[in-house]
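Novice: Counting with UniProt numbering, you get residues 1 to 646 for the letters of the sequence shown.
Note that beta-carbon positions come from the ideal geometry of N, C-alpha and C, so glycine has one too.
Bear in mind the structure is a predicted one, so any value in this text is a computation, not a measurement.
The structure that follows is given in the form of structure tokens.
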Amino acid sequence: MPRPRPPIIIEDVYPELDCGRYPIKREVGDRLEVWADIFKDGHDAVSAVVRYRERGARRWSEVPMRHHENDRWTASFPLTRNTRYQYTIEAWPDEFETWRSEVGKKLEAGQRVEVELLEGREILERAYSRSKDGRLRQTLDAFDAAGYEGRLALLRSEEVRGLMREHPDRSLATAYGKTLEVVVDRVRARYGAWYEMFPRSQGSVPGRSATFREAEGRLDELSWMGFDVVYLTPIHPIGKTNRKGRNNALVAGPGDPGSPYAIGSEEGGHKAVHPELGTLEDFRRFVAAARERGMEVALDLALQCSPDHPYLREHPGWFRRRPDGTIKYAENPPKKYEDIVNVDFYCEEWEALWREWLEVILFWVGQGVRIFRVDNPHTKPFPFWEWVIGEVQREHPDVIFLSEAFTRPKVMRALAKLGFTQSYTYFTWRNTKQELTEYLTELTMDWPKEYMRPNFFANTHDILPHILQFGGRPAFMMRLVLAATLSPSYGIYSGYELCENTPRGERGTTVYYQDSEVYEYKVWDWDRPGNIKGYIRRVNEIRRENPALQELTNLSFLPAPDDNIIFYGKRSGENAVFVAVNLDPHNPHDTHVQFPLWELGIGEEEPYVVEELITRREIPARGSWFWVRLDPHQNPAEIFRLRRAG
Numbered sequence: 001m002p003r004p005r006p007p008i009i010i011e012d013v014y015p016e017l018d019c020g021r022y023p024i025k026r027e028v029g030d031r032l033e034v035w036a037d038i039f040k041d042g043h044d045a046v047s048a049v050v051r052y053r054e055r056g057a058r059r060w061s062e063v064p065m066r067h068h069e070n071d072r073w074t075a076s077f078p079l080t081r082n083t084r085y086q087y088t089i090e091a092w093p094d095e096f097e098t099w100r101s102e103v104g105k106k107l108e109a110g111q112r113v114e115v116e117l118l119e120g121r122e123i124l125e126r127a128y129s130r131s132k133d134g135r136l137r138q139t140l141d142a143f144d145a146a147g148y149e150g151r152l153a154l155l156r157s158e159e160v161r162g163l164m165r166e167h168p169d170r171s172l173a174t175a176y177g178k179t180l181e182v183v184v185d186r187v188r189a190r191y192g193a194w195y196e197m198f199p200r201s202q203g204s205v206p207g208r209s210a211t212f213r214e215a216e217g218r219l220d221e222l223s224w225m226g227f228d229v230v231y232l233t234p235i236h237p238i239g240k241t242n243r244k245g246r247n248n249a250l251v252a253g254p255g256d257p258g259s260p261y262a263i264g265s266e267e268g269g270h271k272a273v274h275p276e277l278g279t280l281e282d283f284r285r286f287v288a289a290a291r292e293r294g295m296e297v298a299l300d301l302a303l304q305c306s307p308d309h310p311y312l313r314e315h316p317g318w319f320r321r322r323p324d325g326t327i328k329y330a331e332n333p334p335k336k337y338e339d340i341v342n343v344d345f346y347c348e349e350w351e352a353l354w355r356e357w358l359e360v361i362l363f364w365v366g367q368g369v370r371i372f373r374v375d376n377p378h379t380k381p382f383p384f385w386e387w388v389i390g391e392v393q394r395e396h397p398d399v400i401f402l403s404e405a406f407t408r409p410k411v412m413r414a415l416a417k418l419g420f421t422q423s424y425t426y427f428t429w430r431n432t433k434q435e436l437t438e439y440l441t442e443l444t445m446d447w448p449k450e451y452m453r454p455n456f457f458a459n460t461h462d463i464l465p466h467i468l469q470f471g472g473r474p475a476f477m478m479r480l481v482l483a484a485t486l487s488p489s490y491g492i493y494s495g496y497e498l499c500e501n502t503p504r505g506e507r508g509t510t511v512y513y514q515d516s517e518v519y520e521y522k523v524w525d526w527d528r529p530g531n532i533k534g535y536i537r538r539v540n541e542i543r544r545e546n547p548a549l550q551e552l553t554n555l556s557f558l559p560a561p562d563d564n565i566i567f568y569g570k571r572s573g574e575n576a577v578f579v580a581v582n583l584d585p586h587n588p589h590d591t592h593v594q595f596p597l598w599e600l601g602i603g604e605e606e607p608y609v610v611e612e613l614i615t616r617r618e619i620p621a622r623g624s625w626f627w628v629r630l631d632p633h634q635n636p637a638e639i640f641r642l643r644r645a646g
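In structure tokens, the structure reads:
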């Protein structure tokens, strides 16, 4: 007959992602709440702990679990370092708590418990034998010297109960069969305002690339607008073979610089800087200048090559050949990218190829880069990303990877599970109240909240959304507020602050920009009329002043009867912020919205003050329903904070 298994069942553990296959994500300063169903046969009391440690540490720490209801137990532990933690659960029959419970019931029934007190002493004696704790020895001696009432009071005291919790009998303990993990990133993984720029377009001379030193001149303005991350498109040498011309023309004209995503030439590859931008030292100076202004530099990581990349000459086995001996250029039919060829991640020399990409990332980490925006990661193997991100973060846990994968939902989620710190999202295409509500509910209340951190880019250099083409300046303001307040991480592509919205070709659905700086040098007038730089600055100020807007999963959608007005709130401790946005960029709309006064401790008849944070107005109010009128040309959105009158 097989030996009986430990008697306690531990199941429905939360959070546990895909049966423990992948880690969940949190940030430094969080507490991880762990839940589980824990129970056994019979009426014995149960005790349980969550065990946790930093991955690689030898010793575990423990925190007692408490019974919540219906055999559901919970506990939490602090996440204090930027690293990976492991956690699991252990539970056991609690002999002393069972004894206390049974004795209590007998006493309530008026029974005497002389024999039960002797049983209690035996439990203490065994605990002393296990622990040799002198306090237990003193308790046993005091028991032997006391009468009935003294013994009863002693063994039922909270002091003795605490001693027994320190020295439980865990000989029949059940260990949860899995060790789970949580990746604890730095706070920038959750919160930050991103600004995308082409460094070559930060100058003032038409037809010429700006340098890193010239691009430094933009940093003061970006800092003034309140951005935390300056994301640079690729800065490497650009190939000449099949170089694209203006507006993605198949043939480049004289002086056309080509797409920076066609990486590699005789001047170098992924570890080199384009000579027109400057030197590696100039890049490091740019990174330091951004840091001095409170910003970080994110670098575009595009694992692809131009036909002129040194890898083709040095490692021809890394590339797949067609039957006629040529290398197939990159394409996503019907799109063609003749200026780019892809490496074969599963070639015979795959191990050397993978390690070279790891060395590329570590090279730029060595230059001061701690954030990478990864171009099209869904076109590279999942196992590669899981491996390379793990290798980088093993020695550099502060490195952040943003997945630029506009692809199928399950593919996007898989990339987030296997290691990407942040993810691009479908926000760019979600415009109606229903679309936004359903999508944000999915991101903040369903399983993705445990592993997928959204970064809401309002536009990108590839995407000029339909609503920005037709909605004009009000649409840019409205979408900015949505991105910046629905998600703690959001971004804009340069030109957004100028309300740039001229599409290439006919206006319609998502299209590219006319005269896109992807294919040419650009000189911008950063102060041209109609810009919204001051509006961006104020929104980012509000984000920094209100911790509630720096969280994701605290989002609640609130009543607003007009379908053109979306109303939602976020709360963190005592800080609560509410946002009303007019989703129609052409027409004013008004409605009543409802503040959840009952959650804020404000009575329905109690007077209070509504602070409108964008304009800094103060409005006296009473009652939970509050009237708003949002004119897209004046106030397309309003952000509120409430305080008691007086």
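Are the CB atoms of LEU232 and VAL184 within a distance shorter than 9 Å?
Specialist: Their beta carbons are not under 9 Å apart, which means VAL184 does not touch LEU232 by this criterion.
Novice: Is it buried or exposed for TYR346, if we count other Cβ within 10 angstroms and need 16 for buried?
Specialist: It counts as exposed.
Novice: Hey, how far is the Cα of PHE476 from the Cα of ARG322?
Specialist: Rounded to the nearest angstrom, the two C-alpha atoms are 46 Å apart.
Novice: How many angstroms separate the CA atom of ALA91 from the CA atom of ILE9?
Specialist: Roughly 9 Å between the two C-alpha positions.
Novice: Note the first and the last residue of the continuous beta strand (DSSP E) segment covering SER61.
Specialist: That run of the beta strand (DSSP E) goes 61-64.
Novice: Among GLY217, TYR191 and ARG72, whose alpha-carbon lies nearest the alpha-carbon of SER201?
Specialist: Of the listed residues, the one whose Cα sits closest to SER201 is GLY217.
Novice: Pick from LEU613, PHE626, PHE283 and ASP590: whose alpha carbon is nearest that of GLU604?
Specialist: Measuring from the Cα of GLU604, the nearest candidate turns out to be PHE626.
Novice: Measure the C-alpha to C-alpha separation of ALA193 and ALA484 and round it to an integer number of angstroms.
Specialist: Their Cα atoms are separated by approximately 8 Å.
Novice: For the beta strand (DSSP E) that contains SER204, what are its first and last residues?
Specialist: Run containing SER204: none; DSSP gives neither H nor E here.
Novice: Quick one: complete alpha helix (DSSP H) runs, 4+ long, within the stretch 1-32?
Specialist: Correct list: empty.
Novice: From the DSSP secondary-structure annotation, give me the bridge partner or partners of HIS67.
Specialist: Beta-bridge pairing links HIS67 to TRP73.
Novice: Under 8 Å by Cβ, that's how I've got ASN455 and SER423 pegged, so tell me the actual separation to the nearest angstrom.
Specialist: About 7 Å; that satisfies the 8 Å criterion.
Novice: I need the straight-line Cα distance from PRO334 to HIS592, nearest angstrom please.
Specialist: Approximately 48 Å, taken between the alpha carbons.
Novice: Can you check whether the CB of ILE532 is closer than 9 Å to the CB of LEU480?
Specialist: Contact flag set, yes.
Novice: Using CA atoms only, rank isn't needed, just tell me which of ARG644, ILE565 and ASP584 is closest to ILE602.
Specialist: The option with the nearest alpha carbon to ILE602 is ARG644.
Novice: Return the chain-ordered list of same chain residues with a C-beta closer than 7 Å to the C-beta of PRO607, the five sequence neighbours on each side being excluded.
Specialist: Closer than 7 Å at the Cβ level, and outside the excluded window around PRO607, lie PRO620, ARG622 and ALA645.
Novice: Looking at the secondary structure, which residues open and close the beta strand (DSSP E) in which THR591 lies?
Specialist: Taken as a continuous stretch (DSSP letters only), the beta strand (DSSP E) holding THR591 covers 589-594.
Novice: For the beta strand (DSSP E) containing ASP185, name the first residue and the last one.
Specialist: Counting along the chain, the beta strand (DSSP E) containing ASP185 begins and ends at 180-185.
Novice: Could you tell me which residues DSSP puts in a beta bridge with residue 668?
Specialist: What is shown of the chain runs 1 to 646, which leaves residue 668 out entirely.
Novice: I want to know whether the stretch 366-382 touches the stretch 398-405 - three or more CB-CB distances under 8 Å.
Specialist: Touching, per the Cβ criterion.
Novice: With DSSP run on the structure shown, which of helix, strand or coil describes VAL511?
Specialist: Of the three classes helix, strand and coil, the one that applies to VAL511 here is strand, per DSSP.
Novice: What's the gap between the Cα of GLY278 and the Cα of GLU267?
Specialist: Going from the Cα of GLY278 to the Cα of GLU267 covers about 12 Å.
Novice: Give the DSSP-derived three-state secondary structure of LYS380 in the structure shown.
Specialist: In this structure, LYS380 counts as coil in the three-state DSSP scheme.
Novice: So ASN540 is in the alpha helix (DSSP H); what residue range does that whole segment cover?
Specialist: Taken as a continuous stretch (DSSP letters only), the alpha helix (DSSP H) holding ASN540 covers 533-545.
Novice: So GLN434 is in the alpha helix (DSSP H); what residue range does that whole segment cover?
Specialist: From DSSP, the alpha helix (DSSP H) with GLN434 extends over 433-445.
Novice: If you follow the beta strand (DSSP E) that TRP92 is part of, which residue opens it and which one closes it?
Specialist: Counting along the chain, the beta strand (DSSP E) containing TRP92 begins and ends at 84-93.
Novice: Does DSSP put ASP282 in a helix, in a strand, or in coil?
Specialist: Helix at ASP282.
Novice: Within 10 angstroms of its Cβ, does SER306 collect 16 or more other Cβ (buried), or is it exposed?
Specialist: SER306 comes out buried.
Novice: When you compare only the Cα positions, how much space is there between MET478 and ASN501?
Specialist: Rounded to the nearest angstrom, the two C-alpha atoms are 15 Å apart.
Novice: For the candidate residues GLU16, ARG473, LEU549 and ALA458, whose alpha-carbon lies nearest to that of PRO529?
Specialist: Looking at the Cα atoms, ARG473 is the closest of the given residues.
Novice: Would you call the stretch 67-83 and the stretch 170-189 in contact, with 3 or more CB pairs under 8 Å?
Specialist: They touch, by the three-pair rule.
Novice: Applying the criterion that 16 or more other CB atoms from any shown protein chain within 10 Å of the CB defines a buried residue, is LEU464 buried or exposed?
Specialist: It counts as buried.
Novice: Counting Cβ pairs closer than 8 Å, one from the stretch 207-223 and one from the stretch 170-183, do we hit at least three?
Specialist: No, they do not touch.
Novice: So within the stretch 267-331, which uninterrupted beta strand (DSSP E) runs reach at least 3 residues, ignoring any that extend past its ends?
Specialist: Listed in chain order, they are 296-301.
Novice: From the DSSP secondary-structure annotation, give me the bridge partner or partners of GLU391.
Specialist: The partner list for GLU391 (beta bridge, DSSP) is empty, contrary to what the question assumes.
Novice: Can you tell which of VAL34, PHE640, GLN514 and LEU180 has its C-alpha closest to the C-alpha of CYS19?
Specialist: Ranking VAL34, PHE640, GLN514 and LEU180 by Cα distance to CYS19 puts LEU180 first.
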